Amino acid sequence: MSSPSPAKKRYRREEQGEKKRNSDSDDDNYVPYVPVRERKKHELMRLGRIAHIAENANKSSSENESDNEQSQEVLGRKYNISLLDQHTELKKLAEAKKISAVEKQLKEEEKILESVAERKALMAASELAKAIVYEDPIETSWKPPRHILAMPKFKLDEIRQKHRILVEGEEIPPPIRTFKEMKLPKSILLALVKKGIKKPTPIQVQGIPTILSGRDLIGIAFTGSGKTLVFVLPIIMFCVEQEVCLPFIRNEGPYGLVICPSRELAKQTHEIVRFFCDSLKQDGLPEVRSCLAIGGVPVTESMETIQKGVHIMVATPGRLMDMLDKKMVNLRVCRYLCMDEADRMIDMGFEEDVRTIFSYFKGQRQTLLFSATMPKKIQNFARSALVKPITINVGRAGAASMNVIQDVEYVKQEAKVVYLLECLQRTPPPVLIFAEKKQDVDAIHEYLLLKGVEAVAIHGGKDQEERSKAVEAFRSQIKDVLVATDVASKGLDFSNVQHVINYDMPDDVENYVHRIGRTGRSSTKGLATTFLNKATEQSVLLDLKHLLIEAKQKVPPFLAELCSESEQLLEVGDTQGCSYCGGLGHRITECPKLEAVQNKQASNIGRRDYLSNTAADY
Ligand code: AMP
Numbered sequence: 005m006s007s008p009s010p011a012k013k014r015y016r017r018e019e020q021g022e023k024k025r026n027s028d029s030d031d032d033n034y035v036p037y038v039p040v041r042e043r044k045k046h047e048l049m050r051l052g053r054i055a056h057i058a059e060n061a062n063k064s065s066s067e068n069e070s071d072n073e074q075s076q077e078v079l080g081r082k083y084n085i086s087l088l089d090q091h092t093e094l095k096k097l098a099e100a101k102k103i104s105a106v107e108k109q110l111k112e113e114e115k116i117l118e119s120v121a122e123r124k125a126l127m128a129a130s131e132l133a134k135a136i137v138y139e140d141p142i143e144t145s146w147k148p149p150r151h152i153l154a155m156p157k158f159k160l161d162e163i164r165q166k167h168r169i170l171v172e173g174e175e176i177p178p179p180i181r182t183f184k185e186m187k188l189p190k191s192i193l194l195a196l197v198k199k200g201i202k203k204p205t206p207i208q209v210q211g212i213p214t215i216l217s218g219r220d221l222i223g224i225a226f227t228g229s230g231k232t233l234v235f236v237l238p239i240i241m242f243c244v245e246q247e248v249c250l251p252f253i254r255n256e257g258p259y260g261l262v263i264c265p266s267r268e269l270a271k272q273t274h275e276i277v278r279f280f281c282d283s284l285k286q287d288g289l290p291e292v293r294s295c296l297a298i299g300g301v302p303v304t305e306s307m308e309t310i311q312k313g314v315h316i317m318v319a320t321p322g323r324l325m326d327m328l329d330k331k332m333v334n335l336r337v338c339r340y341l342c343m344d345e346a347d348r349m350i351d352m353g354f355e356e357d358v359r360t361i362f363s364y365f366k367g368q369r370q371t372l373l374f375s376a377t378m379p380k381k382i383q384n385f386a387r388s389a390l391v392k393p394i395t396i397n398v399g400r401a402g403a404a405s406m407n408v409i410q411d412v413e414y415v416k417q418e419a420k421v422v423y424l425l426e427c428l429q430r431t432p433p434p435v436l437i438f439a440e441k442k443q444d445v446d447a448i449h450e451y452l453l454l455k456g457v458e459a460v461a462i463h464g465g466k467d468q469e470e471r472s473k474a475v476e477a478f479r480s481q482i483k484d485v486l487v488a489t490d491v492a493s494k495g496l497d498f499s500n501v502q503h504v505i506n507y508d509m510p511d512d513v514e515n516y517v518h519r520i521g522r523t524g525r526s527s528t529k530g531l532a533t534t535f536l537n538k539a540t541e542q543s544v545l546l547d548l549k550h551l552l553i554e555a556k557q558k559v560p561p562f563l564a565e566l567c568s569e570s571e572q573l574l575e576v577g578d579t580q581g582c583s584y585c586g587g588l589g590h591r592i593t594e595c596p597k598l599e600a601v602q603n604k605q606a607s608n609i610g611r612r613d614y615l616s617n618t619a620a621d622y
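Following the numbering used here, the numbering of the sequence shown begins with 5 at its first residue and continues without gaps.
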């Protein structure tokens, strides 16, 4: 049996031979007779051969060209196959082309991610100098109860599945479903009951045992899911243990450090720490001292506690840096570091400050990063700082809470203020109104006061006393409405907020998730209304559209119609949407945030108003 390619070779040789014979014989006019059918066949074969040669020659040229050549080859060689078969063949080729576009996209994304990955390690200066690398997590004396340790793996997986807890990492401690089994002291259990907290939330089920076991952690959970207690309770337990072993002396400490991106969040977290520390005394356990280090309040308050010996410090980065710099406090014995709302901290430009803070540590520490959103850029940032970390994810990172009904409306710029009043009627108070700009916050506040609404306002331009008073009045429900910039969007816990109104759409969707997370906390339901109009960036709208789809919310027609060029590429690889900022409506190749960061780096422009976040302000 002869195969097609030798036949082709033989034909070529004949052709050459023929040419040679012709020139030899000097009879240039001699043309041998070839039947039409044969000639057609030869012509097609010749086309096939040319396509084949061209393909080899152009292998390094663009993919599109080579795809065309391939299809020519198919057509050339398979002239005798049916149109239907040719169609199938072409379809396959188109499919392959699509796959290669996906591959191309993934490759490009990988390159971008690599270029934005942190090269400078988050380590203490002494560790960097001596090339110290910690391989094993810190050991603690805490062990899970025996009956839990004896549970088979499938049973533990079942518990995680039931609570929708996703975990990643090595030797993950077991999830524990009651506070009692977590071996918390009786006084803490009583304090929890006093707060109306009976059983742990999913992030607490897995997070508290993980931290008590001494493991580094990246905790991702939707806002209002009880993240604060995950890091507050273990830190108190560790401090009690330390105090029992060797009481803290003057100017010693802190042993545990919690860093928050805003003063309000730091204050709130410190109050929770204080509440549980106070309850310990009732149990006859030693005193655990805590202090708050934030801008806008005198340093003397924190200094008093520091001088007595401080166990837990809750701080904002600017003030902490300032105190470290002036040697008012040191991190020599600090063994526990928690960064709450870590992604916000990096976004707000505190990256360098955090890096400096890390350089003050003297030994290995347990590092915990918490946030509702945790895009890859933060995970990259954290990688060098964490030792065998465990990632606990309750719900997709960056997903909005399912307890919130999200309503988005097209409202013309000039109609927004008036329409606000109508929106306020939708629910009883308390209501939170967010606006991007300080001027807008002031204008809305003034308008509401004129209309007789009991409203207060906060933004970075107001002094700390005014800010604290406004937050307190709203928290204690003396005032019905709080108008704020994003200073109030992160982590603040106001009980029972019924309605969050976004006077404008924040310029990244993560911020939107944080804002609407002020309502629908724990297991309550909430409403979020967002005003959109022509002023809103298309990329944010696309992210919002996909977020609404994910949360099974109504998508208004003007948003549904919106499509991006790369819509079909949104779910390629194992990342959904953008791996840099977490937005669902675009890929990293079109990330406006990344572009903005790069532009900012290039031009070194100042920072936006999140609490006028310059170090000096803190
Ligand atoms: P967080 O996400 O830490 O800001 O917590 C949000 C709210 O949930 C706070 O008011 C907590 O007091 C409350 N909370 C925390 N843990 C629990 C729990 N296990 N059960 C019920 N409520 C909780």
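Heads up, the beta-carbon is just placed ideally off N, CA and C, and yes, glycines get one too. Source: prediction; values computed, not measured.
Query: Determine the extent of the alpha helix (DSSP H) in which Gln-165 is found, giving its start and end residues.; Result: 157-166
Query: Provide the residue(s) that pair with Glu-413 in DSSP beta bridges, ordered along the chain.; Result: Phe-535
Query: Would a check of beta-carbon distances place Pro-141 closer than 8 Å to chain D?; Result: Looking for chain D here will not work: only one protein chain is present.
Query: From this set, Val-412, Ala-225 and Val-301, which residue's C-alpha is nearest Leu-373's C-alpha?; Result: Ala-225
Query: Which residue marks the beginning of the beta strand (DSSP E) containing Ile-169, and which one marks its end?; Result: 169-172
Query: Taking one C-beta from the stretch 264-271 and one from the stretch 341-352 each time, how about it: are there three or more such pairs within less than 8 Å?; Result: yes
Query: Buried or exposed for Gly-21, going by 16 or more other Cβ atoms inside 10 Å?; Result: Note on Gly-21: pLDDT 45, under 50, position unreliable in the model; no value is reported.
Query: Where does Ser-104 sit, in a helix, a strand or coil, going by DSSP?; Result: helix
Query: Near Ala-619, which residues of its chain fall below 8 Å by C-beta distance, leaving aside the five closest residues on each side in sequence?; Result: Summary for Ala-619: the model assigns pLDDT 37, below 50, so the residue's position carries little reliability, and this model does not support an answer.
Query: What is the C-beta distance between Arg-254 and Lys-312, in whole angstroms, given that I count them as a contact (C-beta under 8 Å)?; Result: 7 Å
Query: Given 8 Å as the limit, is there contact between the stretch 495-508 and the stretch 523-538, that is, 3 or more CB pairs closer than that?; Result: yes
Query: Kindly examine the ligand AMP and report whether one of its heavy atoms sits closer than 7 Å to the Cβ of Pro-204.; Result: yes
Query: Could you name the residues of the same chain whose beta carbon sits closer than 8 Å to that of Asp-467, not counting the 5 residues immediately before and after it, in chain order?; Result: Gly-300
Query: Just to confirm my understanding: we take Val-40, look at its own chain, exclude 5 residues before and 5 after, and list those with CB closer than 6 Å. What are they?; Result: none
Query: Should Leu-588 be listed as close to the ligand AMP, given that the test is whether its C-beta is under 7 Å from any heavy atom?; Result: no
Query: If we call anything under 8 Å between Cβ atoms a contact, is Gly-353 one with His-315?; Result: no
Query: Using CA atoms only, rank isn't needed, just tell me which of Thr-205, His-46, Lys-455 and Val-236 is closest to Arg-168.; Result: Thr-205
Query: Within this structure, are the beta carbons of Glu-256 and Val-292 separated by less than 8 Å?; Result: no
Query: Could you compute how far the alpha carbon of Glu-594 sits from the alpha carbon of Gln-542?; Result: 12 Å
Query: Are Ala-459 and Val-475 touching if we call contact CB-CB under 8 Å?; Result: no
Query: Taking only runs of the alpha helix (DSSP H) that begin and end inside the stretch 483-555, which ones reach a length of at least 4 residues, in chain order?; Result: 513-520 and 542-554
Query: Looking at the unbroken beta strand (DSSP E) that takes in Gly-586, where does it start and where does it end?; Result: That residue, Gly-586, is in no beta strand (DSSP E); it is neither H nor E in DSSP.
Query: Nearest-angstrom Cα distance between Cys-582 and Ile-553?; Result: 16 Å
Query: CB-CB under 6 Å to Leu-436, same chain, minus the five flanking residues each way: which ones, in chain order?; Result: Leu-486, Val-501, Val-504 and Arg-522
Query: Just reading off the beta strand (DSSP E) that Tyr-340 is part of, what are its end residues?; Result: 340-343
Query: Of the choices Phe-498, Pro-178 and Asp-287, whose alpha-carbon is the least far from that of Arg-150?; Result: Pro-178
Query: Between Gly-530 and the ligand AMP, is there a pair consisting of the residue's CB and a ligand heavy atom that are separated by less than 7 Å?; Result: no
Query: Any heavy atom of the ligand AMP within a distance shorter than 7 Å of the CB on Arg-525?; Result: yes
Query: Going by other Cβ atoms of all chains shown within 10 Å of its Cβ, with 16 needed for buried, is Ser-229 buried or exposed?; Result: buried
Query: Could you name the residues that DSSP lists as bridge partners for Leu-436?; Result: Leu-486 and Val-504
Query: Roughly how many whole angstroms lie between the Cα atoms of Lys-441 and Phe-478?; Result: 20 Å
Query: Considering only the alpha carbon of each residue, which of Val-209, Val-559, Lys-202 and Val-415 lies closest to Ile-152?; Result: Val-209
Query: Which partner residues does Met-317 have in the DSSP bridge list?; Result: Leu-261 and Cys-295
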